[in-house]
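Below is one structure, written out as structure tokens, with a few remarks after it.
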Amino acid sequence: MRKYPLLIIGGGLSGLAAGIRFARFGQKVLILEKHSKAGGLNSYYYRKGRLLETGLHAITNYAPPEDKHAPLNRLLRQLKIPRRTVKLRQQKTSEILFPGRANLCFSNDFSMLQLQIAKRFPGSVKQFAQMLTEIDAYDAFAPRPKVSARTFVATFLQDRLLLEMIFCPLMFYGGSDEDDMDLSQFIILFRAIFQEGFFRPEGTIKDLLGLLLQQYKNFGGEIEFSSGVKEILTENNRISGIRTDAGEVISCDDLISTAGFPETKRLFSVPEAAAAFSELPEDKTSGRLSFLESIYLFNKSARNHLPEDRTIIFYNLSEKFSYRRPDDAVDLNSGVICFPDNFERNRQGDTIQMRVTHLANYEKWLHAYQDADTSRYPAMKTDWTERSRKVLGKIIGNCSENIVYEDSFTPVTIERFTSRTQGAVYGSSEKIKDGRTYFANLYIAGTDQGYLGIVGALLSGVTMVNQHIFNKM
Amino acid sequence: MTIDEIKKVLLEIIQDIDDEADLENLNPADALRDQLDLDSMDFLDIVMELRKRYQIQIPEADYPQLATLDSCVNYLIPRLKAA
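Chains as they are written, first to last, in this note's numbering: chain G, 1 to 473; chain A, 1001 to 1083.
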């Protein structure tokens, strides 16, 4: 029987980071990844010879190399990746657009947002500054009970429109709760998105994953693809190992699961062990928020219509911004429009990419997918994508005739490829902030541990190994 | 190991953690943390690297004794005697 000091379930960003950390100091570690590729929620696929990314719009937490304490730079040091060797492209300008009411632009220079607020919401300037002072002093990483971020923000910002505009990008890029979020999560996202900002690495997510995989292997880490975990095995209230889908039992001293909290619970086949892990039923821990995402490639003539200086547009058309599972299959009243080419030093390719994200209802998509009539699901996809394009036409102008390629994925697609229940990309609304579980040698890392985005996922893997595993050795 | 050898190893480890660290102007009696602009995660790396190279266990309670280069050396002398 194979035995490892550390086993990691999941070869996404948090699993790879945890693996690099552990392997770096000469320890044997094995990552088991169910899919044939690394990346988890941030992976890629090929269609018609083109590489398309699954999740990545932009990476948050931009920091210049000299800011050594910034999360991004701390993270790279921990992974032993020299900051100067990674080429980063910063965003141009992003926009929060509530048509007919207000818009706010922001960039990686936080003063742009402050100036925009001063211009459009002059009565809120002082309140916004007071809120910033509180945010700057807040330790968002200390484990503490959940507090409503909406209540916190409302104590400062009396203007409800401004409040909703501030929440809109933060929710779309990390909100796992409906219409509110935990204050710590809000502050992590506020810093990551507004105060630090967006960037993309040179190349695609595949290059970033390749860099991480290479680093992991250089340190002697092992990874097995298409190797799902069937079951977590317990013995005397400890994790003794796992059984793979292929039936192999592998034992371990410690186990890190990046599969997600409800997803990890499903891996206990002994009911007593599952109950000990968590007494909460799955519908209490599964995230309810998922998305319909469409990827468009336009020909060059679309350049005349499309904004060249906008990186990401977060829009909302309705009277009240709603961030919850919609009653319909898709909520077209709000969304994210991302132009991955509109980062600095963009090479002018033969196509222009646009990605569009809307809130979507997992159950509606699942019913269509499971329908005996197999034409229903693709027809529903086509129908909603067309409706989405009409709404987009009003916001960025009609580019339908310039489309050379398009593809969409639904909450069901996300669930199938990432194993996240209900396609909940931001995971459970219950976060396990310290990563600990009932079992003293099982830890949760990744989305359900509560750090957000790509930098957050990587930091989550690093932190769990630093705090829990190194200390025990 | 001699005092000078231990010092050399420590500087080498720090350089490895942060290749831009300014070791030339390091005052051995002052806190490393203030001079190098590093944080607790980086200091864990010094501990882990020493463990990897010399199999010495440094309990968390002893971390305060690693505050300056001099105090690190003093702490390590008896532990690296045979190394």
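Note that beta-carbon positions come from the ideal geometry of N, C-alpha and C, so glycine has one too.
Short CB-CB distance (under 9 Å) between A:Arg1051 and chain G: What you label residue 1051 of chain A is simply residue 51 of the second sequence in a count that begins at 1. So yes, A:Arg1051 belongs to the interface.
Close Cβ partners of G:Ser490 (< 6 Å) along its chain, the five nearest in sequence each way excluded: In the structure displayed, chain G extends from 1 to 473; residue 490 of chain G sits before or after that span and is not available.
Among G:Leu442, G:Tyr405, G:Ala246 and G:Ser251, nearest to G:Leu52 - alpha-carbon criterion: As a working note, residue 52 of chain G is residue 52 in the first sequence. Among G:Leu442, G:Tyr405, G:Ala246 and G:Ser251, the Cα nearest to that of G:Leu52 belongs to G:Tyr405.
For G:Ser408, the three-state DSSP class (helix, strand or coil): Here the question's residue 408 of chain G lines up with position 408 in the first sequence. Here G:Ser408 sits in strand by DSSP.
Test item: CB-CB of G:Leu56 and G:Arg238 under 9 Å: One-based indexing of the first sequence puts residue 56 of chain G at position 56. One-based indexing of the first sequence puts residue 238 of chain G at position 238. Not a contact, by the Cβ cut-off of 9 Å.
Cβ-Cβ distance between G:Phe152 and G:Lys433 below 9 Å: If you number the first sequence from 1, residue 152 of chain G lands on position 152. If you number the first sequence from 1, residue 433 of chain G lands on position 433. No, these two residues do not count as a Cβ contact at 9 Å.
Residues, ordered as in the chain, of the stretch 52-68 of chain G that lie near chain A by beta-carbon distance below 7 Å: Within the stretch 52-68 of chain G, the residues whose Cβ lies closer than 7 Å to some Cβ of chain A are Lys68, listed in chain order.
Euclidean distance between Cα positions of G:Phe298 and G:Phe409: The residue you call residue 298 of chain G lines up with position 298 of the first sequence. The residue you call residue 409 of chain G lines up with position 409 of the first sequence. C-alpha separation (whole angstroms): 18 Å.
Contact set for G:Ile117: own chain, Cβ-Cβ below 6 Å, skip 5 residues either direction: On the first sequence, residue 117 of chain G is found 117 positions in, with the first residue counted as 1. Excluding sequence neighbours, G:Ile117 sits near Phe128.
G:Pro64, buried or exposed, once every other Cβ within 10 Å from all chains shown has been counted against 16: Along the first sequence, one-based indexing puts residue 64 of chain G at 64. The residue in question, G:Pro64, is exposed, as its Cβ has fewer than 16 Cβ neighbours within 10 Å.
G:Ala102, DSSP secondary structure in three states: For the purposes of this step, residue 102 of chain G is identified with residue 102 of the first sequence, where counting begins at 1. Looking at G:Ala102 - three-state DSSP - the assignment turns out to be strand.
Within 9 Å, strictly: CB atoms of G:Tyr369 and G:Val412: Position 369 of the first sequence, counted from the first residue, corresponds to residue 369 of chain G. Position 412 of the first sequence, counted from the first residue, corresponds to residue 412 of chain G. Closer than 9 Å, so yes.
Own chain, CB closer than 6 Å to G:Phe186, minus 5 neighbours either side, in chain order: Locating residue 186 of chain G in the first sequence gives position 186, where the first residue counts as 1. Cβ contact annotation for G:Phe186 (same chain, cutoff 6 Å, sequence separation greater than five): Ala149, in chain order.
Segment limits, beta strand (DSSP E) that includes G:Glu556: Limits of chain G in this structure are 1 at one end and 473 at the other, which puts residue 556 of chain G out of reach.
One or two residues paired with G:Leu255 in a DSSP bridge: Residue 255 of chain G sits at position 255 when you count from the first residue of the first sequence. In DSSP, G:Leu255 forms a bridge with G:Leu7 and G:Leu442.
With 16 other Cβ atoms within 10 Å as the buried cut-off, status of G:Val270: Within the first sequence, the letter at position 270 stands for residue 270 of chain G. Counting Cβ neighbours within 10 Å, G:Val270 comes out exposed, since fewer than 16 surround it.
Cα-Cα separation, G:Tyr362 to G:Met380: Taking the first residue of the first sequence as 1, we reach residue 362 of chain G at position 362. Taking the first residue of the first sequence as 1, we reach residue 380 of chain G at position 380. Our two residues, G:Tyr362 and G:Met380, have alpha carbons roughly 13 Å apart in a direct line.
Proximal residues to A:Ala1031 (C-beta, below 7 Å), its chain only, five neighbours per side dropped: Working through the second sequence from its first residue, we reach residue 1031 of chain A at position 31. Ala1067 and Thr1068, listed in sequence order.
Any 3 or more C-beta pairs closer than 8 Å across the stretch 201-210 of chain G and the stretch 25-36 of chain G: no
Extent of the continuous beta strand (DSSP E) to which G:Ile242 belongs: For this step, residue 242 of chain G is matched to residue 242 along the first sequence. Unbroken beta strand (DSSP E) run through G:Ile242: Arg238 to Thr244.
contact_flag[the stretch 302-317 of chain G, the stretch 89-108 of chain G] where n(CB pairs < 8 Å) is 3 or more: yes
Inter-residue Cα distance where the pair is G:Thr85 and G:Leu211: Residue mapping note: residue 85 of chain G aligns to position 85 of the first sequence, counting from 1. Residue mapping note: residue 211 of chain G aligns to position 211 of the first sequence, counting from 1. The alpha-carbon atoms of G:Thr85 and G:Leu211 are separated by roughly 11 Å.
Near the ligand HEM: G:Val153 beta-carbon under 8 Å from a heavy atom: No copy of the ligand HEM occurs in the structure displayed, which carries no ligand at all.
Neighbour list for A:Leu1044 in chain G, Cβ cutoff strictly below 8 Å: Residue numbering aside, residue 1044 of chain A sits at position 44 when the second sequence is read from its first letter. Chain G residues near A:Leu1044: Asn466 and Phe470.
Reference G:Pro145; option with closest CA among G:Lys472, G:Val465 and G:Glu430: For the purposes of this step, residue 145 of chain G is taken as the residue at position 145 of the first sequence. Per the C-alpha coordinates, the member of G:Lys472, G:Val465 and G:Glu430 positioned closest to G:Pro145 is G:Glu430.
Cβ contact (3+ pairs, closer than 8 Å) linking the stretch 444-464 of chain G and the stretch 322-331 of chain G: no
Cβ of A:Leu1038 within 9 Å of any chain G Cβ: Here residue 1038 of chain A is taken as the residue at index 38 of the second sequence, counted from 1. Yes, A:Leu1038 counts as interfacial toward chain G.
Contact under 9 Å by Cβ, G:Glu196 with G:Thr285: What you label residue 196 of chain G is simply residue 196 of the first sequence in a count that begins at 1. What you label residue 285 of chain G is simply residue 285 of the first sequence in a count that begins at 1. Taking 9 Å as the Cβ cut-off, G:Glu196 and G:Thr285 do not qualify as a contacting pair.
Three-state class that DSSP yields for G:Leu52 in the structure shown: Residue 52 of chain G sits at position 52 when you count from the first residue of the first sequence. Strand, per DSSP.
G:Phe225: contacting residues in chain A (beta-carbon distance under 9 Å): Against the first sequence, residue 225 of chain G aligns to sequence position 225. Here the premise fails: no neighbours, minimum Cβ distance about 28 Å.
Three or more C-beta pairs below 8 Å linking the stretch 5-14 of chain G and the stretch 166-178 of chain G: no
Per-residue DSSP class, three states only, for G:Thr93: In the first sequence, residue 93 of chain G corresponds to position 93, counting from 1. Here G:Thr93 sits in strand by DSSP.
9 Å Cβ cutoff, A:Asp1018 in contact with chain G: Residue 1018 of chain A sits at position 18 when you count from the first residue of the second sequence. It does: the Cβ of A:Asp1018 has a partner Cβ on chain G nearer than 9 Å.
Limits of the beta strand (DSSP E) - the one that G:Ser375 falls within: For the purposes of this step, residue 375 of chain G is taken as the residue at position 375 of the first sequence. No beta strand (DSSP E) contains G:Ser375, which DSSP labels as neither H nor E.
Entirely enclosed alpha helix (DSSP H) segments - the stretch 1021-1053 of chain A, minimum 4 residues: 1032-1036
Where G:Tyr62 sits in the DSSP three-state scheme: Residue numbering aside, residue 62 of chain G sits at position 62 when the first sequence is read from its first letter. Note: G:Tyr62 maps to coil in three-state DSSP.
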